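Chemist: To start, I am sharing the structure in question, which I have written as structure tokens.
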Amino acid sequence: MNSPVNTFVRDSLIVFRRQLRMNLRNPAWVLIGVMQPVLYLLLFGPLLKPVVRTFPGFDGNEFTFLVPGLLVQLGLFGAFFAGFGLIAEWREGVVEAERVTPASRTALLCGRLLRDLAQLLVQALILVALGYVMGMRGSVGGVAFGIVLTLLIGGACAAASNALALTTKSEDVMAPLINMIMMPVLLLSGILLPMTLGPAWLQNTSDFMPFRWIVDGVRDAFTGDLGTSGVLWGTTWAAALFALALWWGTAVFRRDDA
Amino acid sequence: MIVARGLVQTFHTGQGRKKKPVHAVAGVDLDVAEGEVVGFLGPNGAGKTTTLRMLVTLLRPTQGSARVAGYDVVHEATQVRRSIGYVSQTGGVFSSARAGDEVMDHGMLYGLSRGHVEERGRELFSQLQLDGLWERMPKNMSGGQKRRLDIVAGLIHDPTLVFLDEPTTGLDPQARANLWEHIAKLRTERGATVFLTTHYLDEADALSDRIVIIDQGRIVASDTADNLKAQVSGDLVDLEVTADDQRAVARDKLASIATHVEVEGHHVRGRVQRAGRMIPSLLRDLEGAAVALDSIEVARPTLDDVFLTLTGRSLRDAEASAGAADGPVDETTDEPELEGAPQ
């Protein structure tokens, strides 16, 4: 029974449980994390009502437009701050103590990612439920698929954030770096407004932003049609970014001086 | 239990053309036998923690090789980790979690069952006088209790070789003395081999069968505390003579049996081999020369004297110069904080 896979799963779950226990000691952070998208939903969503019908290629109400974007935003912003917690763990010696156990380095990362994904799932469900209450329309299967994409992109961001944290080991370096990355991501992903509203050069620029394809993919998924090219591109980018970030995070956790 | 040959750890300072190698550990050979308690002594920045981190598989040696508990630290790292217990300077438990949960999770990462870990954890809590603290958060424990909890976590899988990195740093004298008792019991009651780093002379002296002294990345001595002290040229004899006209006489009499004789204020000091045997005849000589002694003190050499003899610097001076040479030093490690090096 002690195959490498079993050991890996077991170790990941031990790390996950330990991390989750710490989160549950202060569950308020889960709510604080979801506050930003909720505020956008409540305070920015109504502003879109008069203009949502003018969005090219979109047929739905303002909340059906906004919730998919906010889900991706949740995955991006929430998960990208996971690394700050890891720096605190490193200071307490927790990371080092785990690294002298026989547990695989990948399991140490995956356990933490599971915690981030569990937290993100709860936040996503809160956001979607609130969206339905506000008037969002979406097929259950499509919304579920949209949440899966959100988890993929959230996992990617959490893995990248952990890798960045163990590389820099400094909140002072992490904070401006994340800001620097997040700002263009936010502006070029069409989270709040569709990029198709912009001039050609801005649309062309946003074509190079993978998160724009993911936002479009989640929006398409919400309609219930999972066979669109938007869903395909969004899924491809989310899976690719997740694989890349997982590889990076694992490499950093395996590194000698991590 | 530990065999290391030519261990080297090189970091780099600066970037680009200014990049410069720094040999934190510059060729360390070590042999530690089963059941031995070895104190690894040196000033901050000497290479203690860097050497330790290579032995516990946290840092890959730049050169050289080491076998710990019979396994190669590079090629059989997992087996090494399974065999050793490691208590770092920073501990290793969440300060806001329940102590018992932390110990159990740590133990289960060694593949032990929940039931076994809990039984073992509670037994260790009792042995290390942490009864009743299973549910308490480490942040609400005293420094000594927190340190003992770190040791419990390091022992939860019953390792036969335990590495302790500066175990009593930051503790008050009472907590230090208490922890020393527990460390001593690791060998006497559990038969464990213990390798501990320290920059406290008294700690190395009190706990270790053998002391290995490292300075500037190299081992400068390895022997029992008594043998090391014997390398220092004798015990320190300090004569206090208030009368100015008698001090020169006292100096001459002391010089007939001592080396390194010096006069400072009212004191005449010198190093005397086997002072216990020589003092009676010295006192008779001084009395015959009508020298009125105000006091006499005989002090056995300290490990600081040993370090001074071996390196020409006192431990404290070495620490000061290491700090000045290396720039900012991480408070939890003796590795220099290096620009451009991966942190």
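Residue numbers (the numbering used here), protein chains in the order written: chain A, 112 to 369; chain B, 729 to 1071. Even glycine gets a Cβ: it sits at the ideal position worked out from N, Cα and C. Remember, predicted model here, so these are calculated numbers, not experimental data.
#1: By a C-beta neighbour count over all protein chains shown, 10 Å radius and 16 as the cutoff for buried, is T925 (chain B) buried or exposed?
#2: Just the Cα atoms here: how many angstroms apart are K874 (chain B) and N273 (chain A)?
#3: Between S816 (chain B) and chain A, is there a C-beta pair that is closer than 7 angstroms?
#4: How would you call I884 (chain B), buried or exposed, if buried means at least 16 neighbouring beta carbons within 10 angstroms?
#5: Anyone know if the C-beta pair for V1026 (chain B) and V977 (chain B) falls short of 7 angstroms?
#6: Using 7 angstroms as the threshold, is the C-beta distance between S281 (chain A) and A218 (chain A) below it?
#7: Pull out every residue of the segment 779-794 of chain B whose Cβ sits closer than 8 angstroms to any Cβ of chain A, in chain order.
#8: Taking only the alpha-carbon atoms, compute the straight-line gap between A351 (chain A) and V329 (chain A) and give it to the nearest angstrom.
#9: Measuring CB to CB, does P1029 (chain B) end up less than 7 angstroms from K957 (chain B)?
#10: Along the chain, where does the beta strand (DSSP E) containing F768 (chain B) start, and where does it finish?
#11: Can the beta-carbon of Y799 (chain B) be found closer than 7 angstroms to that of Q807 (chain B)?
#12: Under 8 angstroms by Cβ, that's how I've got L187 (chain A) and P148 (chain A) pegged, so tell me the actual separation to the nearest angstrom.
#13: Would you tell me roughly how many angstroms separate the C-alpha atoms of S942 (chain B) and G775 (chain B), rounded to the nearest one?
#14: Return the CA-CA distance between V85 (chain A) and M285 (chain A), expressed in angstroms with no decimal places.
#15: Determine the chain B residues that contact M133 (chain A) at a beta-carbon separation under 9 angstroms, and present them in chain order.
#16: Name the residues in the segment 183-208 of chain A whose C-beta lies less than 8 angstroms from a C-beta of chain B; which are they?
#17: To the nearest angstrom, report how far apart V796 (chain B) and V233 (chain A) are at their CA atoms.
#18: Starting from M836 (chain B), find everything on chain A with Cβ-Cβ shorter than 7 angstroms and list it in chain order.
#19: Identify, in the order they occur along the chain, each residue of the same chain with its Cβ nearer than 8 angstroms to the Cβ of G734 (chain B), setting aside the five sequence neighbours on each side.
#20: Between R330 (chain A) and chain B, is the shortest Cβ-Cβ distance under 7 angstroms, so that the two count as touching?
#21: Nearest chain A C-beta to T806 (chain B) closer than 7 angstroms, yes or no?
#22: Would you check if the segment 308-321 of chain A and the segment 738-757 of chain B touch, i.e. whether three or more CB-CB distances between them fall below 8 angstroms?
#23: S250 (chain A) by DSSP, collapsed to three states: which one?
#24: Would you identify the three-state DSSP class for I160 (chain A), choosing helix, strand or coil?
#25: Quick one: what's got a C-beta closer than 6 angstroms to C268 (chain A)'s C-beta in the same chain, skipping five residues either side?
#26: Determine the burial state of N113 (chain A): buried for a count of at least 16 other Cβ atoms within 10 Å of its Cβ, exposed for fewer.
#27: For G775 (chain B) and chain A, any beta-carbon pair shorter than 7 angstroms?
#28: With respect to the alpha helix (DSSP H) encompassing Q234 (chain A), which residues constitute its N-terminal and C-terminal limits?
#29: How would you call Q842 (chain B), buried or exposed, if buried means at least 16 neighbouring beta carbons within 10 angstroms?
#30: Name, going along the chain, the residues of the segment 831-855 of chain B whose beta-carbon falls closer than 8 angstroms to a beta-carbon of chain A.
#31: Pull up the distance between the alpha-carbon of W358 (chain A) and that of D930 (chain B), whole angstroms please.
#32: Which one of A:N290, A:Q230, A:L181 has the shortest CA to CA distance from L241 (chain A)?
#33: Along the segment 214-234 of chain A, what residues have a CB closer than 7 angstroms to any CB found in chain B?
#34: Determine, using beta carbons only, whether T785 (chain B) and V801 (chain B) come nearer to each other than 7 angstroms.
#35: By Cβ distance, which residues of its chain are closer than 6 angstroms to S950 (chain B), with the 5 residues on each side in sequence left out?
#36: Whole angstroms is fine: what's the gap from E968 (chain B)'s alpha carbon to V765 (chain B)'s?
Modeler: Considering the structure as presented:
#1: Here the question's residue 925 (chain B) lines up with position 197 in the second sequence. T925 (chain B) should be labelled buried.
#2: Counting from 1 along the second sequence, the entry for residue 874 (chain B) is found at position 146. Counting from 1 along the first sequence, the entry for residue 273 (chain A) is found at position 162. Taking the straight line from one Cα to the other gives about 27 angstroms.
#3: Indexing the second sequence from 1 puts residue 816 (chain B) at position 88. For S816 (chain B), the answer is yes, since a Cβ of chain A falls inside 7 angstroms of its Cβ.
#4: If you number the second sequence from 1, residue 884 (chain B) lands on position 156. By the 10 Å Cβ count, I884 (chain B) comes out buried.
#5: In the second sequence, residue 1026 (chain B) corresponds to position 298, counting from 1. In the second sequence, residue 977 (chain B) corresponds to position 249, counting from 1. For V1026 (chain B) and V977 (chain B), no; Cβs fall outside 7 angstroms.
#6: As a position in the first sequence, residue 281 (chain A) is number 170, starting the count at 1. As a position in the first sequence, residue 218 (chain A) is number 107, starting the count at 1. Contact flag unset, no.
#7: V784, T785, L786, L787, R788
#8: If you number the first sequence from 1, residue 351 (chain A) lands on position 240. If you number the first sequence from 1, residue 329 (chain A) lands on position 218. Spanning the two alpha carbons is a distance of roughly 16 angstroms.
#9: Your numbering for residue 1029 (chain B) matches position 301 in the second sequence. Your numbering for residue 957 (chain B) matches position 229 in the second sequence. Yes.
#10: Taking the first residue of the second sequence as 1, we reach residue 768 (chain B) at position 40. Where F768 (chain B) is concerned, the enclosing beta strand (DSSP E) stretches over 765-769.
#11: Here the question's residue 799 (chain B) lines up with position 71 in the second sequence. Here the question's residue 807 (chain B) lines up with position 79 in the second sequence. For Y799 (chain B) and Q807 (chain B), yes; Cβs fall inside 7 angstroms.
#12: Residue 187 (chain A) sits at position 76 when you count from the first residue of the first sequence. Residue 148 (chain A) sits at position 37 when you count from the first residue of the first sequence. The pair is not a contact, with the Cβ atoms about 10 angstroms apart (cut-off 8 angstroms).
#13: Within the second sequence, the letter at position 214 stands for residue 942 (chain B). Within the second sequence, the letter at position 47 stands for residue 775 (chain B). One point to set straight first is that residue 942 (chain B) is Ile, not Ser, in the sequence displayed. Their Cα atoms are separated by approximately 7 angstroms.
#14: Residue coverage of chain A in this structure runs from 112 to 369, which leaves residue 85 (chain A) outside it and unanswerable.
#15: Within the first sequence, residue 133 (chain A) is the residue found at index 22, counting from 1. Chain B residues near M133 (chain A): F822, S824, A825.
#16: E200, R202, E203, G204, V205, E207, A208
#17: Translated into positions along the second sequence, residue 796 (chain B) becomes position 68. Translated into positions along the first sequence, residue 233 (chain A) becomes position 122. Using only the alpha carbons, I get a separation of about 45 angstroms.
#18: For the purposes of this step, residue 836 (chain B) is taken as the residue at position 108 of the second sequence. The answer, in chain order, is I125.
#19: Start at 1 with the first residue of the second sequence, and residue 734 (chain B) comes out as number 6. So the list reads G755, V756, D757, Q791, G792, S793, once near-sequence residues are dropped.
#20: Translated into positions along the first sequence, residue 330 (chain A) becomes position 219. Chain B, which has no Cβ nearer than 7 angstroms to the Cβ of R330 (chain A), makes this no.
#21: For the purposes of this step, residue 806 (chain B) is identified with residue 78 of the second sequence, where counting begins at 1. Answer yes: the Cβ-Cβ gap between T806 (chain B) and chain A drops below 7 angstroms somewhere.
#22: no
#23: Counting from one through the first sequence, the residue named residue 250 (chain A) turns up at place 139. The answer is coil: DSSP assigns S250 (chain A) none of H, G, I, E or B.
#24: In the first sequence, the residue the question calls residue 160 (chain A) occupies position 49. Note that residue 160 (chain A) corresponds to Lys in the displayed sequence, not to Ile. Here K160 (chain A) sits in coil by DSSP.
#25: Looking up residue 268 (chain A) in the first sequence gives position 157. Closer than 6 angstroms at the Cβ level, and outside the excluded window around C268 (chain A), lie L187, A190, F191.
#26: By one-based count along the first sequence, residue 113 (chain A) stands at place 2. Exposed.
#27: Stepping through the second sequence from its first residue, residue 775 (chain B) is reached at position 47. Not an interface residue.
#28: Numbered from its first residue, the first sequence carries residue 234 (chain A) at position 123. Its alpha helix (DSSP H) spans residues 216-245.
#29: By one-based count along the second sequence, residue 842 (chain B) stands at place 114. What sits at residue 842 (chain B) in the sequence shown is Arg, not Gln. Exposed is the call here.
#30: D833, H834, M836, L837, Y838, G839
#31: Numbered from 1 along the first sequence, position 247 holds the residue referred to as residue 358 (chain A). Numbered from 1 along the second sequence, position 202 holds the residue referred to as residue 930 (chain B). Spanning the two alpha carbons is a distance of roughly 48 angstroms.
#32: Position 130 of the first sequence, counted from the first residue, corresponds to residue 241 (chain A). Residue A:L181 is the option with its Cα nearest to L241 (chain A).
#33: A214
#34: Counting from 1 along the second sequence, the entry for residue 785 (chain B) is found at position 57. Counting from 1 along the second sequence, the entry for residue 801 (chain B) is found at position 73. Yes, Cβ-Cβ distance for T785 (chain B) and V801 (chain B) is below 7 angstroms.
#35: Along the second sequence, one-based indexing puts residue 950 (chain B) at 222. V940, listed in sequence order.
#36: Your numbering for residue 968 (chain B) matches position 240 in the second sequence. Your numbering for residue 765 (chain B) matches position 37 in the second sequence. Cα to Cα, E968 (chain B) sits roughly 40 angstroms from V765 (chain B).
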